[in-house]
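Enquirer: Keeping their order, the protein sequence lines are chains V and C.
Taking my numbering, the leading residue of the first sequence gets 1, the next gets one more, and so forth.
Taking my numbering, the leading residue of the second sequence gets 1, the next gets one more, and so forth.
Just so it is clear, CB atoms sit at the ideal spot from N, CA and C, and this is done for glycine as well.
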Amino acid sequence: MLELKSIRKTFHDPAGGDWVLAGDLSLTVQAGETVAILGPSGSGKSTLLKIVAGLEPLDAGSVWFAEKDITPEPPERRGFALMFQDFALFPHLDVVDNVAFGLVEQRIKRGEARQRALDMLDLFGLTAHARQKVWKLSGGEQQRVALARALITQPRLLLLDEPFSALDAELRSGLRDEFSYRIKAAGIPALLVTHDEAEALAMAQRGYRLVSGKLITLW
Amino acid sequence: MNVAGSNPFARGVAVVLLPAVFLTVMLLAPVIRLLAEGGVGALQGTVVSLWQDDYLRWRVVWSFVQAALTCMAALALGLPVAWVLARLDFPGRTLVLRLLMLPFVVPTLVAALGVLALWGPRGLITGWLGFQLQDTPWLLLYGNLFFNLCVVVRAGVDALGQVSASRVAVARTLGATPWRAFWRVEWPAIAPWLASALCLVFLYCFAGFGLALILGGQRFATVEVEIYSLVAHELKLAEAGALAVCMMVLTGGVALAYAWIEKRLATPARADAIALRPAAGVFLWTLIALALTVLLVFCAAPLLAVLLRVVLAGSEAWAVLIDEETVHALWNTLRFSASALVMATALGLTHALAARRSVWLRASAFLPFVVSPVTVAFGLLLLYPQWTASMALLIAAYALLAYPFVAKSLGAALDSLPVHLDQVARTLGATPWRAFWRVTLLMVMPALRRGMAFAAATALGEFAVSLFLSRPEWVTLTTLIYQRLGRPGAANLDAALVLACLLMVLALAAFLVIESPLPKAGRRSATHLRHA
Numbered sequence: 001m002l003e004l005k006s007i008r009k010t011f012h013d014p015a016g017g018d019w020v021l022a023g024d025l026s027l028t029v030q031a032g033e034t035v036a037i038l039g040p041s042g043s044g045k046s047t048l049l050k051i052v053a054g055l056e057p058l059d060a061g062s063v064w065f066a067e068k069d070i071t072p073e074p075p076e077r078r079g080f081a082l083m084f085q086d087f088a089l090f091p092h093l094d095v096v097d098n099v100a101f102g103l104v105e106q107r108i109k110r111g112e113a114r115q116r117a118l119d120m121l122d123l124f125g126l127t128a129h130a131r132q133k134v135w136k137l138s139g140g141e142q143q144r145v146a147l148a149r150a151l152i153t154q155p156r157l158l159l160l161d162e163p164f165s166a167l168d169a170e171l172r173s174g175l176r177d178e179f180s181y182r183i184k185a186a187g188i189p190a191l192l193v194t195h196d197e198a199e200a201l202a203m204a205q206r207g208y209r210l211v212s213g214k215l216i217t218l219w
Numbered sequence: 001m002n003v004a005g006s007n008p009f010a011r012g013v014a015v016v017l018l019p020a021v022f023l024t025v026m027l028l029a030p031v032i033r034l035l036a037e038g039g040v041g042a043l044q045g046t047v048v049s050l051w052q053d054d055y056l057r058w059r060v061v062w063s064f065v066q067a068a069l070t071c072m073a074a075l076a077l078g079l080p081v082a083w084v085l086a087r088l089d090f091p092g093r094t095l096v097l098r099l100l101m102l103p104f105v106v107p108t109l110v111a112a113l114g115v116l117a118l119w120g121p122r123g124l125i126t127g128w129l130g131f132q133l134q135d136t137p138w139l140l141l142y143g144n145l146f147f148n149l150c151v152v153v154r155a156g157v158d159a160l161g162q163v164s165a166s167r168v169a170v171a172r173t174l175g176a177t178p179w180r181a182f183w184r185v186e187w188p189a190i191a192p193w194l195a196s197a198l199c200l201v202f203l204y205c206f207a208g209f210g211l212a213l214i215l216g217g218q219r220f221a222t223v224e225v226e227i228y229s230l231v232a233h234e235l236k237l238a239e240a241g242a243l244a245v246c247m248m249v250l251t252g253g254v255a256l257a258y259a260w261i262e263k264r265l266a267t268p269a270r271a272d273a274i275a276l277r278p279a280a281g282v283f284l285w286t287l288i289a290l291a292l293t294v295l296l297v298f299c300a301a302p303l304l305a306v307l308l309r310v311v312l313a314g315s316e317a318w319a320v321l322i323d324e325e326t327v328h329a330l331w332n333t334l335r336f337s338a339s340a341l342v343m344a345t346a347l348g349l350t351h352a353l354a355a356r357r358s359v360w361l362r363a364s365a366f367l368p369f370v371v372s373p374v375t376v377a378f379g380l381l382l383l384y385p386q387w388t389a390s391m392a393l394l395i396a397a398y399a400l401l402a403y404p405f406v407a408k409s410l411g412a413a414l415d416s417l418p419v420h421l422d423q424v425a426r427t428l429g430a431t432p433w434r435a436f437w438r439v440t441l442l443m444v445m446p447a448l449r450r451g452m453a454f455a456a457a458t459a460l461g462e463f464a465v466s467l468f469l470s471r472p473e474w475v476t477l478t479t480l481i482y483q484r485l486g487r488p489g490a491a492n493l494d495a496a497l498v499l500a501c502l503l504m505v506l507a508l509a510a511f512l513v514i515e516s517p518l519p520k521a522g523r524r525s526a527t528h529l530r531h532a
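#1: What are the boundary residues of the alpha helix (DSSP H) that residue 324 (chain C) is part of?
#2: Consider the Cβ of residue 170 (chain C): report whether some Cβ of chain V lies at a distance smaller than 7 Å.
#3: Mapping the DSSP letters down to three states, classify residue 1 (chain V) as helix, strand or coil.
#4: Leaving out five residues on either side along the sequence, give the residues of the same chain with a beta carbon under 6 Å from the beta carbon of residue 33 (chain V).
#5: Which chain C residues are close to residue 92 (chain V), counting only those with a beta carbon under 8 Å from its beta carbon?
#6: At what residues does the alpha helix (DSSP H) containing residue 183 (chain V) begin and finish?
#7: Tell me whether residue 12 (chain V) sits in a helix, a strand or coil according to DSSP, three-state version.
#8: When the Cα of residue 362 (chain C) is compared with those of C:54, C:225, C:229, C:414, which residue comes out closest?
#9: With a cut-off of 7 Å, does the C-beta of residue 86 (chain V) fall near any C-beta of chain C?
#10: Compare the Cα-Cα distances from residue 384 (chain C) to each of C:312, C:474, C:29 and report the closest residue.
#11: Quick one, which of C:93, C:371, C:407, C:390 has its alpha-carbon nearest residue 292 (chain C)'s?
#12: Closer than 7 Å, CB to CB, is residue 11 (chain V) near chain C or not?
#13: Taking DSSP as the reference, what is the three-state secondary structure of residue 40 (chain V)?
#14: For residue 166 (chain C), which three-state DSSP category applies?
#15: Give every residue of the same chain whose Cβ lies closer than 7 Å to the Cβ of residue 527 (chain C), excluding the five residues on either side of it in the sequence, and list them in chain order.
#16: So, under 8 Å CB-CB, residue 157 (chain V) and residue 87 (chain V) are touching, yes? Tell me the CB distance rounded to an integer number of Å.
#17: Along the beta strand (DSSP E) that carries residue 24 (chain V), what are the first and last residues, could you check?
#18: What ranges does the alpha helix (DSSP H) occupy inside the region 227-278 of chain C, keeping only unbroken runs of at least 4 residues that lie completely in it?
#19: Could you pull out every residue in the same chain whose Cβ sits closer than 7 Å to the Cβ of residue 89 (chain V), ignoring the five residues on either side in sequence?
#20: What does residue 545 (chain C) touch in chain V if you count any residue whose Cβ is under 8 Å from its own?
#21: Please state whether the Cβ-Cβ distance between residue 408 (chain C) and residue 459 (chain C) is less than 7 Å.
#22: Please identify, using Cβ separations under 8 Å, the residues of the region 153-166 of chain C that lie next to chain V, in order along the chain.
#23: Using beta carbons (cut-off 7 Å, strictly below), is residue 18 (chain V) in contact with chain C?
#24: Buried or exposed for residue 135 (chain C), please, with buried defined as at least 16 other CB atoms from any protein chain shown within 10 angstroms of its CB.
#25: DSSP three-state label for residue 520 (chain C), please.
#26: With 7 Å as the threshold, decide whether the Cβ of residue 94 (chain C) is near any Cβ in chain A.
#27: Label residue 172 (chain C) either buried or exposed according to how many other C-beta atoms from any shown protein chain fall within 10 Å of its C-beta, with 16 as the threshold for buried.
#28: Around the C-beta of residue 466 (chain C), are 16 or more other C-beta atoms found within 10 angstroms, so that it is buried, or is it exposed?
#29: Residues in its own chain within less than 7 Å of residue 46 (chain V) by CB, not counting five upstream and five downstream?
#30: What do you reckon, are the CB atoms on residue 21 (chain V) and residue 215 (chain V) nearer than 7 Å?
#31: With residue 64 (chain C) as the anchor, note down where its beta strand (DSSP E) starts and where it stops.
#32: Using only the alpha-carbon positions, how far apart do residue 140 (chain C) and residue 60 (chain C) sit?
Here it is as structure tokens:
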């Protein structure tokens with residue numbers, strides 16, 4: 001499904017020297033599989049995710065999906081969905097319009113997009129919040145809205161950037177199980193980056209640690 | 001220990017009293033006096049008759065139209081320039097951002113002369129192209145853009161810096177092109193900031209006096225110029241009062257909109273700002289070149305034109321610098337500004353401290369921005385006719401226009417100061433006064449200096465109040481420039497340009513003080529600090 005082939009990414013440090021984020025890095029994610037990348041803050045995990053999303057250019061190497069080189073494709077044409085730890089919900093839109101955002105970008109009529117978003121919110125048990133502004137929701141509710149927004153477009157790949165790190169421990173554990181269930185039910189492959197090993201073990205079938213631009217297999 | 005030092009209530013009263021009394025005496029009472037001119041009932045009749053007068057109706061409509069046109073042009077030109085400065089990294093970007101502060105401290109008359117030096121009857125561009133813009137609306141609109149384009153650009157740069165990178169990234173992965181992501185995610189985030197800046201632009205242009213007086217000519221002068229003419233030349237106080245009240249109602253409405261938007265903007269800055277893109281490729285460099293060209297044409301050209309005209313004028317024109325009249329005006333400018341600065345600092349400091357206790361006092365710091373200098377001066381003339389030629393009233397009027405800059409700058413700094421610092425100092429044995437002197441004041445010193453620099457620039461370039469309240473022997477550089485412009489002959493225009501250059505040098509000295517490194521939090525508030 002997803003294949004990263006010999007990826008290289010170096011940041012130039014103005015203070016002197018270069019910082020290797022990815023050095024000849026390769027990785028595959030199979031259909032329906034969740035793969036976790038672990039590593040401390042600043043190790044380059046999030047940059048790797050942005051490279052896959054097409055938000056960060058590569059120095060060398062290529063990104064393939066479904067046996068097609070998608071390296072030159074812009075983010076909007078890759079059909080992936082990205083989730084951040086701060087949820088990145090759009091504050092000027094209410095809950096239903098946040099969820100419908102991607103459908104509108106797919107040129108689906110606004111009325112139909114909103115109806116499909118309402119159906120999705122119903123699945124997530126968020127119907128009562130549909131007309132609320134996103135900042136009025138709790139942290140857990142915001143994260144579920146972010147997942148609903150990502151899944152409604154039926155992405156080919158889900159990219160999860162520390163999705164639960166902004167939540168408290170109790171909520172994190174509950175949401176982790178819910179997210180795992182929903183992602184598996186949707187049959188969407190996922191790439192998860194996190195510094196929390198328990199989270200990675202609970203959600204991913206395979207795990208790697210990113211150290212000095214190289215991936216070390218953990219399980 | 002004195003009472004104020006030991007009793008929090010007495011301390012509070014002592015701090016609130018000075019700005020409250022000053023604002024009441026210098027602003028509220030004159031405005032009420034203005035409202036009472038001829039009685040409110042008669043005022044209503046006067047307003048109706050004003051509206052039936054084609055000439056005065058044109059003045060009001062044109063004042064509105066020129067302010068609205070300036071807002072539209074500043075947005076259309078300023079937003080793309082702001083985008084380039086906020087998103088692209090190129091050599092000299094930081095310098096350009098700093099130079100954007102320049103129009104904030106350039107006196108109105110210098111700007112007006114810069115516009116004339118380019119587009120006036122003997123202007124540089126007039127000479128090259130063979131046509132001039134005198135007696136057209138473009139002269140005033142260009143002058144308005146000189147001041148206000150930078151307001152919009154700075155607001156745009158700050159706003160774009162607040163846009164969440166992760167939200168844009170999510171929009172892109174959800175299928176939005178860069179253009180769609182801008183309109184659907186970035187624009188809603190920056191629109192309130194731009195609306196706030198445009199409210200200020202509208203206020204500056206609608207209530208502006210100096211530019212409209214010099215550049216508007218007979219046909220395109222604004223209501224503020226008309227009020228001045230009615231009072232100073234025709235002695236029609238009732239008509240002037242009615243016009244001033246109309247202006248206050250309209251500017252008050254815009255100021256309320258501004259305050260409402262500002263309240264919505266009071267959210268913490270986001271940490272995940274979009275990273276700067278290194279400029280690479282013909283397309284990005286073309287964008288940068290276009291942005292710099294816009295800034296050069298609208299913001300730098302008038303100042304460069306003044307300098308060039310002064311150089312070309314030759315030593316005969318420069319002799320005005322050692323003229324007795326000039327030395328006298330320079331001395332007056334410096335002593336009035338210095339006195340006003342001392343007063344403005346004391347008032348600004350107490351107002352900022354008092355504003356922490358009272359929402360009303362916080363809002364009242366805007367009042368001198370809402371009521372135009374012409375209206376203030378006119379109200380003072382009506383209320384205190386016996387003091388109109390007194391130095392104390394003149395200095396107090398200068399201070400009234402200058403001190404909000406100190407109050408606003410300090411207020412923002414005090415708001416961002418951790419409360420624990422003062423508490424720690426108190427537990428370590430400092431009295432409230434000692435804690436303020438040894439901790440708070442030192443922490444807010446950069447903001448105080450910045451506010452004082454803006455206040456100094458405002459006092460140096462003050463023009464409207466000087467025209468109304470000054471004695472002939474208290475001529476300042478601004479009034480001397482205006483006198484020279486009123487005298488016939490090219491030599492007088494050259495002399496006015498040399499004097500404008502001198503005034504610009506004085507203002508630049510204030511600018512250099514502002515240019516000391518600013519904390520990030522202070523940059524946004526600087527957008528809102530400008531003399532009218």
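Expert: To lay it out plainly:
#1: 324-355
#2: yes
#3: coil
#4: 189, 205
#5: 188, 189
#6: 169-186
#7: strand
#8: C:414
#9: yes
#10: C:29
#11: C:93
#12: no
#13: coil
#14: helix
#15: Unreliable placement is indicated for residue 527 (chain C), whose pLDDT of 41 sits below 50; the coordinate value is still reported in the next sentence. 151, 154, 155, 158, 197, listed in sequence order.
#16: Residue 157 (chain V) to residue 87 (chain V), Cβ: 19 Å. No contact.
#17: 18-29
#18: 237-264
#19: 98, 134, 142, 145, 146
#20: Here chain C covers residues 1 to 532 and nothing more, so residue 545 (chain C) does not appear.
#21: no
#22: 164, 166
#23: no
#24: exposed
#25: Low confidence applies here, because residue 520 (chain C) scores a pLDDT of 44, under 50, leaving its location unreliable; read the following figure in that light. In the structure shown, residue 520 (chain C) sits in a helix (DSSP, three-state: H, G or I).
#26: Looking for chain A here will not work: the only protein chains present are V and C.
#27: buried
#28: buried
#29: 161, 193
#30: no
#31: Residue 64 (chain C) -> not in any beta strand (DSSP E); alpha helix (DSSP H) instead, spanning 54-87.
#32: 15 Å
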